[in-house]
Amino acid sequence: MFILFILFLFARMPVGYFSLILHAHLPFVRHPEYPEFLEEDWLYEAITEVYLPLIVIFQRLHEADAAPRVAMNISPPLCEMLADPLLQSRYTRHLENLLELAEKEVHRTAAEAREFHAVARMYADNLRESLELWNGRYKRNLINAFRELQDEGVLEIITCCATHGFLPLISTHEARRAQIAIAVANYRKHFHRQPRGIWLAECAYEPGVEELLKEFGIEYFISDTHAILYGDPRPKYGVHAPVVCPNGVATFARDIETSQQVWSAEIGYPGNDVYREFYRDIGWDLPIDYLKPHLHEDGNRRHLGLKYHRITGRNVPQNRKEPYIPALATEKAAENAMHFIGERIKQAYKLRETFEGHPPLVVSPYDAELFGHWWYEGPQFIDFLFRKMHWDQSEIAAMTPGDFLDSGLPIQVQRPTASSWGENGYYKVWLNEGNSWMYPYQHDAERRMTQYCDAAKAGRGDAEMTTRILKQMARELLLAQSSDWAFQIYQGTTVEYSSRRFQSHIQRFDLLAQMLEHSSPPYEGGVAAASADGVVLSPEQLELLTEIEHRDNIFAEIDFRIYAR
Amino acid sequence: MSEEKKDLESGEETLEFVLDEPGLPGSGEFVSAAAEEVKEVAVVEESPEPAEPEEIAAEEMSPVFKLLARPSLPRLESENRARLQMQSPNRLHFYWSVRTNPFQTLNKALGAATSNYTLVVRLVDLRRESEELHRIDPEGNWWFSVDADSQYRAEVGFYAPNRPFVRVLYSNTIETPRKSPSRRTAAEAEWRVPAQKFAQVLDVAGFKQDAFDVAIAGDDADAAGDATYRAFGRLSGKPASEFAGLDTEELRYAMLALAAGATLEQLRFRVGERIFAVLERLAASASKGDALKALRSEFDIEEEELHAEEEEFGPAVFGASLVNFPKRTRLRKRPRGFDRVSKFEPMASHSLAAR
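Top to bottom, those sequences are chains A and B. Residue 9 is where the first sequence starts when you use my numbering, and the numbers rise one by one after that. Residue 8 is where the second sequence starts when you use my numbering, and the numbers rise one by one after that.
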């Protein structure tokens, strides 16, 4: 079947190839210690606005035989949250509550705000459908839906660093290796196969990373443009063909033109006047008493996801925004998709001429959350894109990086250069005056983790309590390493929460380490505790361990021994 | 106990302390503190105050809940730490701490001869064999301005004029990447790409600035480098040899930018600190016309090609990300005729073969 697909692909002789890569990631946010938690809404909003709509669109494209091919990273923390029963049940409550509000809005707008009535009905219809899909078809677990799409040949799901750890800023070989090993194990748990590719967190690459990837059977990674353009030797086809590292692991790098066209805050499609305005939300517009049943316990206003205005104009103040008209926005999404394909065809001809006949590959990675959350019409854009690409032209063919590797097209051997896709192309966003205080703590935990695991390996690390502690220490270290915390501190968004999360995981790591070092009966020599028959905890220590396990329950399958030398 | 070692890498006279361990601690090989008495070590940088926990009635909070609800960073145990990290090709971050009082160790080793010594951080450029020193405390952090495409190691140790450097700790080694295309084309005929063709490849990838530079530099990187030094020497009125070691791609970019009318201030942070310092000294004499004249003496450049044209997009994208878009400050008005053979275009034999 797959060979037929490849033959079909090349029989059509397109001018060039196009690879859409979606990076779906959220940091692991789960707070069972509170009945509700503001930051958990990140996941709930993304499910409603991004993951469910994308799944529906990909499924429909597949059913329509539109042959979409998309590479999609679903990061391990996101997989773990999507598969978590507590978060699934909380999302159900969230969705039901939102649907209730949307239905209330249908009645209110019919009576007192007719200009928004059609949009209110649209939300109510969409949310009703989402709830049906969530409870019915997908049984509250979207991992099943993504896995099905992969099995149907629509998606090529790739993995990511275990907790989106920024590899170049991780200090030990063992801790870097663990980010890859744990990610691959988690992928296998959720998708029942070996991942072919990986999204390196923030596309952060430094020479040597490919050795870790090869060790765990990864065939390719995604990098930023200059990883290849500044690589050595000079890439014959620039960024419009992958290169392969000397050890055989390939990299596919980001095309700038498509990135700007869709994503740039200055010139990107989502800024069109007719598209939905993100920042004007009924959570801020309507009377607080009316909204109260749908807010968190604290009663604070927040974005609720029901938005009735369009962008109207770049410089139009929020109070002058005009009503959103879904039909106009849909029309524009179709127009943008057509324009995008037109530009790709022009680009492909130009590249092919430059490359003297060699077919170019345009690799376009985006945050998945752009499509639906930030750009409400984004999923529609993707829908139109693949339909038009399949039926309205033959110059451009969609393929995934895996398809390219299977195609047999020759690939140049090159050493890519250190890079990331962040501001200025290197590591500034994650290492600067505002967040450099984090690294001595993170690195200290990385060093200690290996020390403890070495000691456990030398002794009887399989003693139940020692194992429990070491597994949880690994989870805390991994969670502290999430690049999200340093990023948000730099961005100035949720600084308090991000700082606190980092501190929490370091503190928990340290509390657990103390259990090993100061257990009862005492073991001499600190880390030697891990090599003994297993530690014996006091009732208080056991309660603490159990509570930490309960809260930070990511990676049930974790094998701490990966940290040993 | 401490001992002396010759620093073979730098070739200069260096004493080295081995702090109770058989080998020197690099950042990847931290040393256990188990046998050492814990010394009070402050946080390397001041960390933010822990945030207040969510409002939970005090009577509902178990001791475990309370403990976890008020996260605070543990005290970092006294360790020998020396970690060098790259922020960008031109900036490194270094943090360190010394487990035992380094002055006491120095006293033990050198006795009365220690009075002239100062604790310093020494950043060694391993490729250019140069170094810089800064007075420091036994723990802290430092930001260094460095050159792209080089190799660095930071060392903590004691410095005294006319005395050997006494190294206490050293860091991991960092390789700063190139921030321009490689000068090397593939060895295999199938993948060779001559400079003019590669300039086109860069151009269609959106890296206009690099495309222009590759086009004017041609296929012989060494000859282009020499020509760049000569041009810069002409501009500065000094011998070209004075600038040996400076990055030629950056020098060329700086001269092109000046010739296009860019101000010195516009070049800040776009070229390395060393080159910027040289340019600052030249500021008065480096007029637009002078820069163009100097360049044209070595390269085939037309004045009309040099029009600074800001086309740079910010990193902000729709959503929560900041994504890199390449600098697109063009140094020309219209696409350069890549097909013409410029007067400075020394061709390597493989390039000729590829044509």
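Here a beta-carbon is modelled for each residue, glycine too, at the ideal position from N, C-alpha and C.
Under the three-state reduction of DSSP, which class applies to residue i: helix, strand or coil?
{"i": "Ile-178/A", "result": "coil"}
{"i": "Met-68/B", "result": "coil"}
{"i": "Val-257/A", "result": "coil"}
{"i": "Arg-122/A", "result": "helix"}
{"i": "Glu-44/A", "result": "coil"}
{"i": "Thr-255/B", "result": "helix"}
{"i": "Gln-355/A", "result": "helix"}
{"i": "Trp-207/A", "result": "strand"}
{"i": "Leu-28/A", "result": "strand"}
{"i": "Pro-334/A", "result": "helix"}
{"i": "Asn-148/B", "result": "strand"}
{"i": "Thr-233/A", "result": "helix"}
{"i": "Ile-477/A", "result": "helix"}
Which chain B residues sit within Cβ distance under 8 Å of residue i?
{"i": "Leu-237/A", "result": "Pro-188, Leu-209, Ala-212, Phe-214 and Asp-217"}
{"i": "Ala-273/A", "result": "Gly-321, Ala-323, Val-324 and Phe-325"}
{"i": "Ser-576/A", "result": "An answer regarding residue 576/A cannot be provided, because it is not within the stretch 9 to 573 covered by chain A."}
{"i": "Gln-480/A", "result": "Within 8 Å Cβ-Cβ: nothing; Gln-480/A doesn't reach chain B, min ~13 Å."}
{"i": "Leu-208/A", "result": "Under the 8 Å cutoff, chain B gives no residues; its nearest Cβ is about 14 Å from Leu-208/A."}
Chain B partners of residue i, CB-CB under 7 Å?
{"i": "Thr-362/A", "result": "Gln-207, Val-208 and Val-211"}
{"i": "Asp-232/A", "result": "Asn-331"}
{"i": "Asn-432/A", "result": "Ser-95 and Asn-331"}
{"i": "Gln-420/A", "result": "Ala-193 and Trp-198"}
{"i": "Leu-359/A", "result": "Val-211"}
{"i": "Val-247/A", "result": "Ala-212"}
{"i": "His-451/A", "result": "Arg-90"}
Between the alpha carbons of residue i and residue j, how many angstroms are there, rounded?
{"i": "Leu-303/A", "j": "Pro-84/A", "result": "29 Å"}
{"i": "Glu-160/A", "j": "Arg-68/A", "result": "12 Å"}
{"i": "Asp-49/A", "j": "Ala-335/A", "result": "28 Å"}
{"i": "Arg-136/A", "j": "Pro-331/A", "result": "23 Å"}
{"i": "Gly-213/B", "j": "Tyr-357/A", "result": "16 Å"}
{"i": "Ala-247/B", "j": "Pro-171/B", "result": "33 Å"}
{"i": "Leu-95/A", "j": "Met-89/A", "result": "7 Å"}
{"i": "Gln-269/A", "j": "Val-211/B", "result": "15 Å"}
{"i": "Gln-203/B", "j": "Thr-235/B", "result": "18 Å"}
{"i": "Glu-136/B", "j": "Arg-281/B", "result": "15 Å"}
{"i": "Glu-403/A", "j": "Tyr-25/A", "result": "8 Å"}
{"i": "Gln-388/A", "j": "Arg-328/A", "result": "26 Å"}
{"i": "Ala-345/A", "j": "Thr-266/A", "result": "12 Å"}
{"i": "Thr-408/A", "j": "Met-80/A", "result": "9 Å"}
{"i": "Gly-442/A", "j": "Phe-495/A", "result": "10 Å"}
{"i": "Pro-40/A", "j": "Leu-46/A", "result": "12 Å"}
{"i": "Glu-555/A", "j": "Ser-507/A", "result": "21 Å"}
{"i": "Asp-567/A", "j": "Leu-133/B", "result": "39 Å"}
{"i": "Arg-101/A", "j": "Glu-557/A", "result": "24 Å"}
{"i": "Pro-61/A", "j": "His-366/A", "result": "36 Å"}
{"i": "Ser-444/A", "j": "Phe-510/A", "result": "12 Å"}
{"i": "Pro-22/A", "j": "His-347/A", "result": "18 Å"}
{"i": "Glu-44/A", "j": "Ile-562/A", "result": "19 Å"}
{"i": "Leu-302/B", "j": "Glu-285/A", "result": "51 Å"}
{"i": "Met-481/A", "j": "Ala-153/A", "result": "32 Å"}
So which residues of chain A does residue i contact, with C-beta pairs closer than 7 Å?
{"i": "Arg-185/B", "result": "Tyr-238 and Thr-425"}
Can you name the residues of chain B whose CB is closer than 9 Å to the CB of residue i?
{"i": "Arg-328/A", "result": "Correct list: empty, because the minimum Cβ distance to chain B is about 21 Å."}
{"i": "Asn-440/A", "result": "Gln-94 and His-100"}
{"i": "Gly-276/A", "result": "Val-324 and Phe-325"}
{"i": "Leu-552/A", "result": "Pro-70, Val-71, Leu-74 and Leu-75"}
Residues of chain A with a CB under 9 Å from the CB of residue i: which are they?
{"i": "Thr-192/B", "result": "Pro-241, Arg-242 and Lys-244"}
{"i": "Phe-72/B", "result": "Glu-41 and Glu-555"}
Using a C-beta cutoff of 8 Å, does residue i count as contacting chain E?
{"i": "Tyr-435/A", "result": "Chain labels in this structure do not include chain E; the protein chains are A and B."}
By the 7 Å beta-carbon criterion, what residues does the region 126-154 of chain B contribute toward chain A? Asn-148
Would you list, in chain order, the members of the region 372-383 of chain A that have their beta-carbon closer than 9 Å to a beta-carbon of chain B? Tyr-374, Asp-375, Glu-377, Leu-378, His-381, Trp-382 and Trp-383
Closer than 8 Å is the cut-off here; do at least three beta carbon pairs connect the region 160-168 of chain B with the region 118-125 of chain B? Two segments are said to touch when three or more pairs of C-beta atoms, one from each, lie closer than 8 Å; by this definition the region 160-168 of chain B touches the region 118-125 of chain B.
How about the region 416-433 of chain A and the region 226-242 of chain A: do they share at least three Cβ pairs that are nearer than 8 Å? yes
Check whether the region 141-160 of chain B and the region 388-399 of chain A are in contact - that is, three or more C-beta pairs closer than 8 Å. no
Using 8 Å as the threshold, is the region 243-253 of chain A in touch with the region 181-190 of chain A, meaning 3 or more CB pairs across them? Contact annotation: the region 243-253 of chain A does not touch the region 181-190 of chain A, with fewer than three C-beta pairs closer than 8 Å.
For the 8 Å Cβ check, are there 3 or more pairs between the region 179-190 of chain B and the region 137-145 of chain B? In short, these stretches do not touch, since the Cβ pair count stays below three.
Taking three-plus beta-carbon pairs below 8 Å as touching, is the region 174-187 of chain A in contact with the region 498-505 of chain A? no
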